[in-house]
Amino acid sequence: PAPKSGDLLALAVATARAAADLVRERAAGVVEVAATKSTATDVVTQADRDTEALIRRLIAQERPEDAFFGEEGVSTGSTTEFSGTSGVRWIVDPIDGTVNFLYGLPSYAVSIAAEYAGEVVAGAVVDVPHGTLYAAFRQPDGSVAAVKNGEPMAVRRPADLAQRLIATGFSYDAGLRRIQAEALVRFLPVVRDVRRIGSAALDICAVADGALDGYLEEGLHLWDHAAACLVAEAAGARWEATTGAGGRRFVLVAPVHGYDELRKAAVQAGFLPVESVPGV
Ligand code: IPD
267 PAPKSGDLLA
277 LAVATARAAA
287 DLVRERAAGV
297 VEVAATKSTA
307 TDVVTQADRD
317 TEALIRRLIA
327 QERPEDAFFG
337 EEGVSTGSTT
347 EFSGTSGVRW
357 IVDPIDGTVN
367 FLYGLPSYAV
377 SIAAEYAGEV
387 VAGAVVDVPH
397 GTLYAAFRQP
407 DGSVAAVKNG
417 EPMAVRRPAD
427 LAQRLIATGF
437 SYDAGLRRIQ
447 AEALVRFLPV
457 VRDVRRIGSA
467 ALDICAVADG
477 ALDGYLEEGL
487 HLWDHAAACL
497 VAEAAGARWE
507 ATTGAGGRRF
517 VLVAPVHGYD
527 ELRKAAVQAG
537 FLPVESVPGV
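Below you can see the structure in the form of structure tokens.
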């Protein structure tokens, strides 16, 4: 039987809160790089690893039949992470904004999403330094609801492109960074400003909360945006994760109203490949 998305959300929220407590405890101590991953700039701390292990244990205690897809398990090539028989898969970023966490910059989060039959049905994002909880779930009729600390949220009513504040992020890959920098050269002059805050999950939740007019990044991973995109969708945003030339993944999140105009500007700037295929 299909699981109740409300039950999955309750587990996501309780687990994300416990994980955030652990991250907060570690932030108070000495934080050091434990290893590098895809490139020298792509780092992992012991707190990332321990938090992912905690999340995995808490979820497996309640739902041992579910699959688990976590950032740190993937980077260590641990294939046992993926198995499951219930049709539910948990998509986890133990610390989104690891570099901010390393430096003590107060923008990093725990992100936990539950997917059923290939669709994200529940998501929880906890802003660790501020203790804010963003939570969303998809109801059986397909409608979505989201709250920030229990209160409803709504996207901002977008102005002209020239008055929109857009956030982005940069890859850890030097080649992709070059492409992102070149796209920024064309994009920055046509919007109000561009932010690079350092946690995609929190940036996307900020779009949901009306604190940003949009988020875009080429090369984002599923665990960075799965939970936050559900939150944003429920608050009145549209989002897409598309794959373009060379299999590069591009994510765009913005209020439904005015979305197409922003998308067009992103394509023109070279952020989004023209031949991209939506829905991947
Ligand atoms: C990163 C952050 C960052 C984004 C990067 C992500 P991580 O996640 O979300 O804002 O620009 O693409 O990899 O590595 O801190 O979990």
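My numbering puts the sequence shown at residues 267 to 546. Positions of the beta carbon are idealized from the N, C-alpha and C atoms, including for glycine. Treat the numbers as computed from the prediction; the structure is a model and nothing was measured.
Using DSSP with H/G/I as helix, E/B as strand and the rest coil, what is residue i?
i           : result
residue 279 : helix
residue 481 : strand
residue 374 : coil
residue 627 : The structure shown has nothing for residue 627, since the chain only spans 267 to 546.
residue 308 : coil
residue 351 : coil
residue 438 : coil
residue 455 : helix
residue 414 : strand
residue 504 : strand
residue 537 : coil
Please classify residue i as buried or exposed, where buried requires at least 16 other C-beta atoms within 10 Å of its C-beta.
i           : result
residue 360 : buried
residue 351 : exposed
residue 369 : exposed
residue 373 : buried
residue 296 : exposed
residue 274 : buried
residue 315 : buried
residue 345 : Residue placement at residue 345 cannot be trusted, given a pLDDT of 46 that sits under 50; the coordinates are not used to answer.
residue 323 : exposed
residue 459 : exposed
residue 404 : buried
So, are the CB atoms of residue i and residue j less than 9 Å apart?
i           : j           : result
residue 452 : residue 431 : no
residue 413 : residue 402 : yes
residue 482 : residue 532 : yes
residue 387 : residue 400 : no
residue 309 : residue 301 : yes
residue 492 : residue 503 : no
residue 506 : residue 445 : no
residue 379 : residue 356 : yes
residue 433 : residue 478 : yes
residue 515 : residue 486 : yes
Does the ligand IPD have a heavy atom nearer than 8 Å to the CB of residue i?
i           : result
residue 336 : no
residue 436 : yes
residue 552 : This structure leaves residue 552 out entirely; the chain is present only between 267 and 546.
residue 509 : no
residue 331 : no
residue 466 : yes
residue 426 : no
residue 505 : no
residue 489 : yes
residue 364 : yes
residue 393 : no
residue 483 : yes
Taking 9 Å as the CB-CB cut-off, is residue i touching chain C?
i           : result
residue 502 : Among the protein chains of the structure shown there is no chain C, as only one such chain exists.
Could you tell me how far apart the beta carbons of residue i and residue j are, in whole angstroms, since I believe they sit closer than 8 Å?
i           : j           : result
residue 304 : residue 439 : 7 Å
residue 376 : residue 286 : 5 Å
residue 394 : residue 289 : 5 Å
So is the beta-carbon of residue i under 8 Å away from any non-hydrogen atom of the ligand COA?
i           : result
residue 476 : Ligands present in the displayed structure are limited to the ligand IPD, and the ligand COA is not among them.
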